[in-house]
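Numbering (my numbering), first residue to last: 49 to 364.
Beta carbons: idealized from backbone N, C-alpha and C, even for Gly.
If you're wondering where the values come from, they're calculated on a predicted model, not measured in any experiment.
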């Protein structure tokens, strides 16, 4: 039986970013240096396949520092942690390695600097997301106010409208965030913003590739985890850019083939914590069912690399 033809558009950049790459490397190098088990507070990155792979090598994932013994190394996830967490680890004289993405750390430093200058912070982010919790936890209670939407800006209660600054979660939708920033600036004209956009290069680049790809596609799949903020944003960006059927899938078995009946083109991308193996698995699933002609939609070339902490580069 002849397979129906299908044009498969593959977004570039897609998948792993430098911060995720570094975080995974940190866990692997910690296991090499200190042996198993090495404890990791929270999922190192939001991807079940990656987490399961590291668990098989000897990483133990826990939600809180209290769940870790004093005598084994602990790693803090790429999303960042509140200041109280490393302070508690130091108090217990634990070996700890901070795998916070350097671009998240940059936001933490920014928030601390504004606080020292007497400014109250407004954070644009998603409530309960580990990165938001970590950033808000850099400063004392009440010093960082969270807004999630343009509507929230109208009701946020600040101490002094003349002494405000804002930061953002690094994995948000670029366009949605621009609307919230505009609302903040309209209500608080003297609010201080970051020197350079807090939304990270990887999030921005992946969204730009989706915007370029979406109008060409009958449907679009984003390979990523349901708890991955940047992956969910790619689905939203795809729909807004003209691809009405845009869905998140963790792996190839999650594809809803009935919904894709009759398509002649598909766009595929992946969130920043999805490994290339899972993207290839999805492409292979389409090759099994269709006569695939593959085209790359490339909007940027990434060559960013972040060093791992010195403690892992030194011998045990």
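Enclosing alpha helix (DSSP H) for residue i [first to last residue]
i, result
"residue 160", "150-164"
"residue 242", "Note, residue 242: premise wrong, no alpha helix (DSSP H); not H, not E."
"residue 233", "222-235"
"residue 184", "178-184"
"residue 268", "Per DSSP, residue 268 belongs to no alpha helix (DSSP H); it is in the beta strand (DSSP E), 267-271."
Selected residue, minimal CA-CA separation from residue i, among the options
i, options, result
"residue 364", "82, 73, 54", "82"
"residue 204", "111, 170, 100", "170"
"residue 220", "245, 240, 235", "245"
"residue 53", "269, 338, 209", "338"
"residue 361", "134, 69, 77", "77"
"residue 101", "326, 249, 342", "326"
"residue 239", "229, 197, 357", "229"
"residue 161", "206, 143, 215", "215"
"residue 97", "343, 120, 276", "276"
"residue 293", "282, 300, 299", "282"
"residue 274", "84, 305, 95", "95"
"residue 226", "143, 120, 201", "201"
"residue 90", "168, 143, 177, 135", "177"
"residue 350", "250, 314, 296", "250"
"residue 329", "286, 320, 269", "269"
"residue 121", "135, 99, 84, 111", "84"
"residue 68", "335, 266, 320", "320"
Cβ separation of residue i and residue j, assumed to be a contact under 8 Å, to the nearest whole Å
i, j, result
"residue 152", "residue 123", "Between residue 123 and residue 152 the Cβ distance is about 15 Å, and since that is not below 8 Å, they are no contact."
"residue 191", "residue 163", "6 Å"
"residue 258", "residue 322", "So it is not a contact: roughly 14 Å between Cβ atoms."
"residue 63", "residue 333", "Not really, about 17 Å apart at Cβ, beyond 8 Å."
"residue 137", "residue 113", "6 Å"
"residue 128", "residue 182", "3 Å"
"residue 133", "residue 108", "In fact, because the Cβ distance is near 17 Å, the residues do not count as touching under 8 Å."
"residue 260", "residue 345", "5 Å"
First and last residue of the uninterrupted beta strand (DSSP E) at residue i
i, result
"residue 341", "339-346"
"residue 312", "From DSSP, residue 312 is part of no beta strand (DSSP E); its letter is neither H nor E."
"residue 171", "168-172"
"residue 123", "122-124"
"residue 215", "212-216"
"residue 295", "293-297"
Distance, residue j Cα to residue i Cα
i, j, result
"residue 331", "residue 211", "51 Å"
"residue 312", "residue 155", "43 Å"
"residue 316", "residue 324", "12 Å"
"residue 288", "residue 50", "34 Å"
"residue 199", "residue 232", "10 Å"
"residue 310", "residue 255", "26 Å"
"residue 56", "residue 303", "15 Å"
"residue 189", "residue 115", "24 Å"
"residue 59", "residue 307", "21 Å"
"residue 150", "residue 248", "10 Å"
"residue 186", "residue 195", "17 Å"
"residue 130", "residue 213", "19 Å"
"residue 279", "residue 300", "16 Å"
"residue 341", "residue 117", "53 Å"
"residue 235", "residue 193", "15 Å"
"residue 110", "residue 298", "22 Å"
"residue 184", "residue 335", "45 Å"
Nonlocal neighbours in the same chain, by C-beta distance under 6 Å from residue i, ignoring five residues either side
i, result
"residue 253", "61, 348"
"residue 217", "173, 179, 180"
"residue 79", "86, 105, 106"
"residue 66", "352, 353, 354"
"residue 71", "92, 93, 126, 147"
"residue 263", "290"
"residue 343", "57"
"residue 267", "293, 308, 311, 314"
Check: residue i C-beta below 6 Å from any heavy atom of the ligand FAD
i, result
"residue 233", "In terms of ligand content, the structure shown is empty, and the ligand FAD therefore cannot be addressed."
8 Å Cβ shell around residue i - same chain, five flanking residues per side excluded
i, result
"residue 166", "211"
"residue 305", "337"
"residue 356", "70, 73, 74, 77"
"residue 441", "Shown here, the chain extends from 49 to 364; a query on residue 441 therefore has no answer."
"residue 206", "168, 170, 193, 212, 236"
Neighbourhood of residue i by C-beta distance below 7 Å, restricted to the same chain and skipping five residues each side
i, result
"residue 158", "215, 242"
"residue 222", "247, 252, 255"
"residue 296", "270, 272, 274, 279, 280, 283"
"residue 285", "221, 255, 258, 259"
Cutoff 7 Å: residue i Cβ touching any chain C Cβ
i, result
"residue 210", "No chain C appears in the structure shown, which is made up of a single protein chain."
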